[in-house]
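Worksheet: one structure, shown below.
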Amino acid sequence: MKTIAAISTPPGSGGIAVIRLSGQDALEIAARAWKGKNLTEASSHTAHLGTLCDPNGEPIDQCVATIFRGPNSFTGENTVEFSLHGSRWIQRKAMEALLAFGATPANPGEFTQRAFINGKIDLAQAEAVADLIASSSRAAHKMALRQMDGSFSHRLEQLRSQIIELASLLELELDFSEEEVEFADRKKLRELTDTTIATISNLADTYSAGRAFKEGVPVVIAGAPNAGKSTLLNALLQTDKAIVSDIPGTTRDIVEDTIEIGGILFRFLDTAGLRETTDTIEAIGIDRAREALHKASIILWLIDPTVPLEPQWKELQAALPNISDSKIILLQTKSDIYPQPLKVPADLSELNLPALTQESKPGVGALTQESVPGVGAHNQESEPGLVALTQESEPDLGALTQESEPDLGALTQISANTGEGINSLKQALTRIATSDHDPANELIITNARHHSELTAGIEALRRVRSALDTDLSADFIAQDIREASHHLGLVTGAITTDNLLSSIFANFCIGK
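Okay, so the sequence shown: first residue is 1 according to our numbering, each after it adds one.
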């Protein structure tokens, strides 16, 4: 293959820029542009100070050349990395010189593609390289590292080799079909099929969480106009992202930003206040707010104790059928000016929804019903059917544990102005986000292609199970087993096509 060259550091000026050269002629091309030690004689994994020159012998920069001899390099080929001063002019002239001496400009992802072709990494690991570069939180970083270390591929290849062996035995039966010999034990095949389906399904089921961890767990801040949604967003982000005003309906569109909390990237969406309105523009904002609720993983539903409660409960109750898949945290805002805990209508607390029941997720999204009398936002007699909720003191963020954490699904008091409840809320968000899947300790998939192939593999194995239950002939069973194996192989790169490789590596940056 041709020797390729590219700038591997981000575009622009900086302290250092790295230009990478890889291919069978990398050492010779580097030596032609180099004044200093003869790089063709340099040992692998050594660094050398010298001067990079243009074809006329004019110095471009004094820099360091690091030598990696194949196959002990990232690409598996002879590789030279030049560490230069990060001037745009130096980078441009250095690239021009290397191309003049015989190198070819690298395509996007071509260095990683060569690492795959040369057997240094498999396809899933190659894709993890791109994820690692793009990681913007501790969770995304952990997931990419775990995929890069080969754990994911190793698990799939183990499963694949087992089902390939059984497919081979089934196909052997076809060669002896007249003798009615059974080489593949049907009971063992059923057990293996069930185990494989369960294992792959468990992996595939992590995709939704994986995408959320990678792109930001979507958290929608909802509630009535002027309930403090924008103020809460600013308090969480610790910046004035959203406009705050005493005038209800100020937020007309979704205001969005991300922040890392406890190693998890959260994507907060401040939405328009939910109410009936004749204002056309505000109505569009409210429609968008309701659409955002459907896509949220977590909903912070704000209740304003300083205005009538009945319309706020009605909005929440109307939204519940469409947001039952979300984890809901009910928050009573403005505790600095209204310190009394509110009460929740009994009919609302009796709704049996996964996000609102204590049994389904202890400590998460539970509406706790108490028999103790409490103080509401208005006169107790005027609001029948309301019950008091307990108020918990806010523990320290660092010391907060699942056992000590207040039930934030119950109405919990916060004040974005004074900071009351904010640290506790942040801790609850992290705990809720990782309650189903923990990126720090679990293998989680984040790649849509992987999810698609795993899903197709599961479907093929389900057909295998059905064929076994109906005693279909070995050739039908073997065909579906081979198909399942094919889909698993496409994930790791054991099976590839030119189109597949092109589509994957085209999304990489140049120089990687």
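Where is the CB? At the ideal position from N, CA and C, for every residue including glycine.
Terminal residues of the continuous beta strand (DSSP E) containing Arg-20? 14 to 22
Measure the alpha-carbon distance for Leu-27 versus Asn-499 and round it to whole angstroms. 31 Å
DSSP has Thr-51 in a bridge; who is on the other side? Lys-35 and Gln-62
Ala-42 burial status per 10 Å Cβ neighbour count (16 or more: buried): buried
On the DSSP letters alone, give me the boundaries of the beta strand (DSSP E) that Arg-267 sits inside. 264 to 270
I need the DSSP call for Gly-409, collapsed to helix, strand or coil. Note that Gly-409 scores a pLDDT of 39, beneath 50, so its modelled location is shaky and nothing firm can be said.
For Asn-447, count neighbouring C-beta atoms within 10 Å of its own C-beta (all shown protein chains included) and say buried if the count is 16 or more, exposed if not. buried
Beta bridge counterpart(s) of Ala-5 as assigned by DSSP: Leu-21 and Pro-105
Identify the continuous alpha helix (DSSP H) that holds Gly-285 and give its terminal residues. 280 to 295
Could you work out which residue in Asp-436, Gln-413 and Glu-96 is closest to Trp-301 when comparing CA atoms only? Gln-413
Look at Lys-512 and Phe-111 and say whether their C-beta atoms are less than 7 Å apart. yes
With a CB to CB cut of under 8 Å and the five nearest residues on each side skipped, what residues in its chain are close to Asp-54? Ala-33, Ile-60, Lys-93, Glu-96, Ala-97 and Ala-100
Give every residue of the same chain whose Cβ lies closer than 6 Å to the Cβ of Ile-19, excluding the five residues on either side of it in the sequence, and list them in chain order. Ile-7, Phe-82 and Ala-94
Could you check if Pro-10 is buried or exposed, using at least 16 other CB atoms within 10 Å of its CB as the buried criterion? exposed
Start-to-end residues for the beta strand (DSSP E) that takes in Leu-256: It is Glu, not Leu, that sits at residue 256 in the sequence shown. Run containing Glu-256: 255 to 261, per the beta strand (DSSP E) assignment.
Since Thr-46 sits in a beta bridge, which residues does DSSP pair it with? Ile-67
By a C-beta neighbour count over all protein chains shown, 10 Å radius and 16 as the cutoff for buried, is Met-1 buried or exposed? exposed
Is the separation between the beta-carbon of Ile-523 and that of Leu-425 shorter than 7 Å? This structure gives no information on residue 523, because the portion of the chain shown stretches from 1 to 512.
Leaving out five residues on either side along the sequence, give the residues of the same chain with a beta carbon under 6 Å from the beta carbon of Gly-70. Gly-76, Glu-77 and Asn-78
On the criterion of 16 or more Cβ atoms from any shown chain inside 10 Å, does Gly-273 qualify as buried, or is it exposed? buried
Could you pull out every residue in the same chain whose Cβ sits closer than 6 Å to the Cβ of Ile-481, ignoring the five residues on either side in sequence? Ile-163, Ala-167 and Val-464
Arg-160 and Leu-488 look like a contact to me (Cβ under 8 Å); what is the Cβ gap, rounded to whole Å? 4 Å
Assuming Asp-304 and Asn-417 are in contact, meaning their beta carbons sit under 8 Å apart, how far apart are those beta carbons, in whole angstroms? So it is not a contact: roughly 14 Å between Cβ atoms.
Going by DSSP, what residue range makes up the beta strand (DSSP E) through His-85? 79 to 86
Under 7 Å between the Cβ atoms of Leu-233 and Asp-270? yes
Note down, in chain order, each residue of its chain lying with its Cβ closer than 6 Å to the Cβ of Ser-135, except the 5 sequence neighbours on either side. His-141 and Ala-144
Alpha carbon to alpha carbon, how far is Glu-282 from Gly-419? Give it in angstroms, no decimals. 29 Å
Ends of the alpha helix (DSSP H) at Lys-214? 207 to 215
Are Ala-103 and Ala-5 closer than 7 Å when you measure CB to CB? yes
If Leu-490 and Leu-203 are in contact, beta carbons under 8 Å, what's the gap, nearest whole angstrom? At roughly 14 Å, the Cβ-Cβ gap does not stay under 8 Å, so Leu-490 and Leu-203 are not in contact.
Where does Gln-24 land, buried or exposed, given buried means 16+ other C-beta within 10 angstroms? exposed
What does DSSP give as the partner residue(s) for Gln-332 in the beta ladder? Ile-303 and Gln-413
Straight-line CA distance for Lys-120 to Ser-151? 15 Å
Buried or exposed: where does Ser-13 fall if 16 or more other Cβ atoms within 10 Å of its Cβ makes it buried? exposed
Which of the three DSSP states is assigned to Leu-400 in this structure? Unreliable placement is indicated for Leu-400, whose pLDDT of 32 sits below 50; the coordinate value is still reported in the next sentence. The answer is coil: DSSP assigns Leu-400 none of H, G, I, E or B.
When burial is assigned at 16 or more other CB atoms within 10 Å of the CB, is Lys-327 buried or exposed? buried
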